[in-house]
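Position 158 of the sequence shown, counted from 1, bears residue number 706 in our numbering, the numbering being contiguous throughout.
The structure under discussion appears below in the form of structure tokens.
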Amino acid sequence: MDAMAQAIEKSNIILICMSEQYRRSNYCRAEANYAFRRRTRIIPILLQEHYQPDGWLLFLVGQLLYVDFTKYEFLESMEMLIKEIKAPVLQDDNLQQIESRDERNILTSNSSIHQSRSILPILSDNILEWTPTDIQHWLIGHNLIQMSRLLSDYNGSSLINLNKYLTNGESQQILKLLQEDSLRRTNQSLSLIELARLQNLVDEQQKILETKCSKIRTKNKINDRLIPSSCNFCQII
């Protein structure tokens, strides 16, 4: 047990291979709870076909996205797992420790993880300049966790183009394609709530960009009016 505890202490990510045998193991339960108490990032992996976690395991992984190795080919599942491991995660310090009736210490959050906007990094007003990393921080900072997985390789331009398709395209066809992508990339059905919030947030960013561009155009017009008179003055001299 000491060796396993040390391994957890030295790890940044813990992979939990979910199965009925894993759930029944007291050793596995102790290791998983220890990782949870240490706030170590946990990525669940489903290895048993048709298995649905319950009990303490469901409590531990219920809000987490997992990689289903029983549903996809091995190489595709490995690709999904690698993307999940590489996905940026912002830390939330708004956690408190509580004690349950069976005297096990668990961690709970006062609010949804990453919900506070105070954790958002400072980004350019121009959404077109945003990198994929900027997009990930922005989505996670607004608690759009599924969207951050689904749009893991998007930059600002890609996000604008997606918003155009959602606004002007054939809605049923687009939703169908997004649903297929969501199942393939996140192993979850598309969240219409997150999608709607995403559209609103992108619209807000576009309005900020349009306002900034309008101010620049106005300033340029004023400068254009001043420059000719200066040139004429020089010609007279």
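Note that CB positions come from ideal geometry on N, CA and C, so glycine has one too.
Given a threshold of 16 other Cβ atoms within 10 Å of its Cβ, counted over all protein chains shown, does Met-566 qualify as buried or as exposed? buried
May I have the straight-line CA-CA distance separating Asn-768 from Glu-624, to the nearest angstrom? 52 angstroms
Note down, one range per segment and in chain order, each alpha helix (DSSP H) of at least 4 residues found wholly within the segment 698-771. 704-716, 719-734
Assess, as a yes-or-no matter, whether the segment 674-685 is touched by the segment 695-714 under the definition of 3 or more beta carbon pairs within less than 8 angstroms. yes
Ordered along the chain, which non-local residues of its own chain (more than five positions away) have a Cβ less than 7 angstroms from that of Ser-612? A small correction: the amino acid at residue 612 is Leu; Ser does not occupy that position in the sequence shown. Excluding positions up to five away in sequence, the list reads Ile-590, Pro-592.
Comparing C-alpha positions only, which one of Arg-572, Asn-581, Asp-751, Ala-578 sits nearest to Asn-674? Asp-751
Could you tell me the boundaries of the alpha helix (DSSP H) in which Leu-687 lies? 680-689
So Asn-810 and Val-615 are supposed to be a Cβ contact under 8 angstroms. How far apart are they, rounded? Shown here, the chain extends from 549 to 785; a query on residue 810 therefore has no answer.
Just curious, the alpha helix (DSSP H) that Arg-571 is in, first and last residue? 568-572
Whose CA, out of Leu-594, Leu-671, Lys-558, lies closest to the CA of Ile-756? Leu-671
Start and end residues, beta strand (DSSP E) containing Leu-594: 589-594
Nearest-angstrom Cα distance between Glu-758 and Ile-764? 10 angstroms
Going by beta carbon distance, what residues of the same chain come within less than 6 angstroms of Leu-687, once the five residues before and after it are set aside? Met-695, Ser-696
Tell me the rounded alpha-carbon separation between Pro-601 and Gln-753. 40 angstroms
Could you please give the first and the last residue of the uninterrupted alpha helix (DSSP H) stretch that includes Gln-554? 550-557
Cβ neighbour criterion (16 or more within 10 Å) applied to Glu-557: exposed
Delimiting residues of the alpha helix (DSSP H) encompassing Leu-623: 622-634
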